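Protein chains: 2
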Amino acid sequence: MTVTIRDIAKKAGVSPSTVSRVINGKSVISNETRNKIFAVMEELDFHPNSLARNLANGSSRALALVINAEDKKSFSNQYFTHSVFGIEQIAQTNGYNLIITHNQSKGMTPIEQLIYEKKADGIILPPSLITISLLKKLLNQKFPFVVLGEPPFMRNEVNWVDINNAQGSESAVNHLLEKGYRSIVFVGENQQQIFTKNRIAGFRDALGKQGIEPRQDFIIESDGTQEAAYRIAISFLQKTDPPDAFLCSDNTIAFGILKAVKSLERAIPQEIGIVTFDNYPLAQYTEPSLTSIDVDTYLLGEHAAFVLLKTIENETNIQHILVGTKLFQRESTDRNL
Amino acid sequence: MTVTIRDIAKKAGVSPSTVSRVINGKSVISNETRNKIFAVMEELDFHPNSLARNLANGSSRALALVINAEDKKSFSNQYFTHSVFGIEQIAQTNGYNLIITHNQSKGMTPIEQLIYEKKADGIILPPSLITISLLKKLLNQKFPFVVLGEPPFMRNEVNWVDINNAQGSESAVNHLLEKGYRSIVFVGENQQQIFTKNRIAGFRDALGKQGIEPRQDFIIESDGTQEAAYRIAISFLQKTDPPDAFLCSDNTIAFGILKAVKSLERAIPQEIGIVTFDNYPLAQYTEPSLTSIDVDTYLLGEHAAFVLLKTIENETNIQHILVGTKLFQRESTDRNL
DNA sequence: ATAAGTAGTGCAATCGGTTGCATTAAAAAT
DNA sequence: ATTTTTAATGCAACCGATTGCACTACTTAT
C-alpha cells in the first residue's frame, strides 16, 4: 500500500540504508546511485513517513506553544496572534511544526504530556503559566523552553523574550515632556504583572531623569474595561490639580480615557495629551487619532522561536531578548508650544 | 536512560505486550497484574513515548489547521482566533494535538507534507486555499479534511462548516424593517467570496419576502478599510433618494459608516439605522453602540474539529454545518415608530 | 468425565525509518 | 608491487511501542 524506503531500495537495486542516506543527504553517495534512487522515488511517488523518522531520530520536530486558558482575553488580541504567526513562520522555515495547546486544570497537563511523551522538542509558554514546580520539571529534564514575556521569577535562569516595556514608557514620557505636558498619569493594568511593573519603572525613570518627581497617586491600576478607564479619567480631570496627559497601558484603556476627556470637553491635544501602548489599527481611526507605542509582536514571536530552536539544537546559554518599541505620533499629542 | 515498556515489563515480571495492554486498557488483564504494572510505572515514572505509539498506530494523533498566508488580515482578527481556540479545545479533549501551519508558495506546500508524510490525521483549511488540484489530492488519498467556510466549488462533495450568513442578513433586514427602515444599503466585501454572496442572497430574500424589491445599486462592494466605507456612506447620503439604513459586512465598515453619518449630522437611529456583522467588543462602545449580528466562531471551530474527528474515526458521510447567528440590538437601531 | 469455551498472558513480527560497523573496490602513497 | 587511504555501500540492530496468534489453566456445558 504505502511506499517505503525498502520498496525504493529494492527497485533501485540498493540497500535501504543507501536510500535513507540519499534522503538525508549527509553521506557521500555516488551520483549514479543518487540519481537512480531519486528517479525511483519520483516514479513510485515516495514520501518518507515522518512518524518513523521521528521515532528513529527521537524527536518530534515540533515546537509547542502553550496558552493559558484563563488568558482568553489576551489570546484573542491581535498582538498575541501576531506572535503566533511569527513563531510559526520560524518554525516552518526550520522544518518544525507548531503545536498549539492550552493548559487544563485536571489530569496531566498538556505541558507535562509535551515534555514526557516527547510530543514536542521544545515549548514556548506565557509567564502566567510559570510555577516553581513547572520550572523545576523543565530544568530537571533539561527540556528546552522559552517564556513569551519576562517571567515573574528566576528571570536569570530561563530563556525569555519580551517587549522592552520600560523603554516604551520612557519614549512616551519623553515625547509628552517634549510636547510640554508636565503632569502625566500612568493608567496600567494589574501591577502584579511584570510587564506592568516594567512600564511603571520606565515611567518613573523617565520622569526622574528630567528632574520630575513621579507621584505615586498618578500611577493607577485599572481593569481591562473601557468603563473603568473612563471613570478613572473623569475623577482625575475633576481634581483641583488635574493632570495634563495620560499614558495608557493599552488601547481599550485609551478609548475609555479619550471618551472621558471628550465628555468633559477638554481639548485634545491642546489641554490634554494621550499616549497609549499597543498600536491597533483602530488607534489611527479614533478622533483624534492616538499617539501609540507600537509593539512588534510578530518579531517577538520570531525571536521566541529562534531562541527555542537554538536551545534545542545545541544547549546554548540562557538568552534574554528585549524587542524595542517605536512611537507613532498622531493627533492626540500633536500640539505646538 | 528513558524508561520503556520493557523496563516496566521486566520489573513487573510480565511481558511487554501485557504492559502495552494495560496502558491501552482494551484487553482483559487480571487485577493483580494490572495493579502491579501500574505500581511499577508509577515507581519508575514511566510515560509512553508518543513517537513510538504514533508509528505503531500509523497515526500522528494530530489535526492541522492551515492558514493562508495571504489572509494575514483575517488571521489577525479575533474571530479567527476564537475558532482556533474552539478547534484546539475539541482536539485536546479527544487526545489530539493541533498543528498550525501556513501555506508557502515555493516547494512542497505544508499541506502536502501533512498529507503525504502523515504529519496529521486530518486538516482544516480555509476556502481561500481550495483549488481543484488540492481537492483532487485530498479526495484521492481519502485524506480527512474540512473546510472552515463554505468552499467556492464542490460544496456538496466536501465537509464544511460555516456561519449561516444568509440567515444573518435576513435577521438584520427583518429587524430593520420592523424598526420601520425601508431603504437599506448592503455594504459588503469582495463579491467573489462565498460568504459575501450568501449575505447578499439573504439580504435580497428577506427584502423580497416582505414585498420589497431589492435594488441592485444598493448592494455595494467595499474594501476592508474604514475610509472606503466612509466615502461610500457619504455618497449615498447625498443622493436625492438617500437610504435610511445600512447593513455592514463587518465592524470596520460599520465604523466608517458611523463616522460618515455623524459627520453629515444625520441622527442615529432616528434618521439612519445601522446594523453590522460581527460583534466585536468595540461595537458596544461606539456612540451610538452598534446593533450587531453576533457570530460564534468558537462554536464554529468546535464544529470543524468535531466533524474532522468523526471523519477520521470512521468514514462518515459528507457533513455541512451552518452555525446560526444572533442579533444584538443596540442603540444604532433603537428607535420607536 | 470429556469436550468446548474463555480469561489471561507471552512470543515474535511489525510499523518505517536511521546508523555504527564492516566490507569491498578503487585511488594514492611508498 | 605492496601497503595504506578513501569512497561508496550493505548488514543488522535499533528507536519504543502494538497486535495477531498461540498457549495454558480454568470454567462451564454436555
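Just so you know, the protein sequences line up as chains A and B, in that order.
Residues in the first sequence are numbered from 10 upward in steps of one, following our numbering.
Residues in the second sequence are numbered from 10 upward in steps of one, following our numbering.
All C-beta atoms, glycine included, are put in the ideal place defined by N, C-alpha and C.
Model, not experiment: these values are computed from the prediction.
Taking 8 Å as the CB threshold, S192(A) stays off the interface with chain B. Going by DSSP, K335(B) is part of the beta strand (DSSP E) stretching over 335-337.
Contact between G265(A) and A292(A) fails: their C-beta atoms lie close to 14 Å from each other, not under 8 Å.
Neighbours of F264(A) across chain B, judged by C-beta separation under 7 Å: Y294.
Per DSSP, the beta-bridge partners of E230(A) are G197(A). Within its own chain, the residues whose Cβ lies closer than 6 Å to the Cβ of E340(B), once the five positions on either side in sequence are excluded, are P297, S298, listed in chain order. Excluding sequence positions up to five before and after H329(B), its CB lies within less than 7 Å of the CB of W169, all in the same chain and listed in chain order. Taking C-beta atoms as the reference points, Q101(A) and T110(B) count as a pair closer than 8 Å.
Taking CB atoms only, P161(B) has no neighbour in chain A less than 8 Å away.
Scanning P290(A), V194(A), E166(A) for the CA closest to the CA of T325(A) turns up E166(A). A check of alpha carbon separations from T261(B) across D232(B), G220(B), D343(B), L346(B) identifies D232(B) as the nearest. P153(A) has a beta carbon lying at 8 Å or more from every beta carbon in chain B. For F89(A), no beta strand (DSSP E) segment is defined; the enclosing uninterrupted segment is the alpha helix (DSSP H) at 87-102. Annotation: G189(A) to T342(A) spans about 10 Å, alpha carbon to alpha carbon. In the DSSP assignment, F255(A) forms a beta bridge with V194(A), I283(A). The residues H91, S92, F94, G95, in chain order, have a CB closer than 7 Å to that of Y307(B) in the same chain once the five nearest residues on each side in sequence are set aside. For V31(A), the CB contacts under 6 Å within the same chain, skipping 5 residues up- and downstream, are I38, R43, I46 in chain order.
By alpha-carbon distance to P136(B), the top candidate from G282(B), P160(B), T118(B) is P160(B). Taking the C-beta atoms as reference points, A71(B) is found no nearer than 8 Å to Y125(B). Per DSSP, reduced to three states, the secondary structure at V270(A) is helical.
For the pair I221(A) and A215(A), the Cα-to-Cα distance works out to about 9 Å. Put simply, the backbone Cα of F195(A) is about 52 Å away from that of S59(A). Secondary structure at L346(B): coil, using DSSP grouped into helix, strand and coil.
The continuous beta strand (DSSP E) containing L157(B) extends over residues 154-157. With a 10 Å radius around the Cβ and a threshold of 16 neighbouring Cβ atoms, G158(A) comes out buried. Residue contact check for N63(B) against chain A: a CB pair falls below 8 Å.
Just so you know, the alpha carbons of R191(B) and L267(B) end up roughly 19 Å apart. Using a Cβ distance threshold of 8 Å, L336(A) and I302(A) count as a contacting pair.
Considering only beta carbons, the part of the stretch 88-103 of chain A lying closer than 8 Å to chain B consists of F89, T90, H91, V93, F94, E97, Q98, Q101, in chain order. The shortest C-alpha to C-alpha distance from Q200(B) to any of I229(B), K146(B), E280(B) is the one to I229(B).
The Cβ atoms of N207(A) and N183(A) lie no closer than 8 Å to each other. The continuous alpha helix (DSSP H) containing V49(A) extends over residues 40-53. At a cut-off of 8 Å, the C-beta of K127(A) has a neighbouring C-beta in chain B.
Within the model, the alpha-carbon separation for Q87(A) versus N86(B) is close to 6 Å. DSSP places S301(A) in the uninterrupted beta strand (DSSP E) bounded by 300-303.
Interface criterion met: the Cβ of S69(B) is under 8 Å from a Cβ in chain A.
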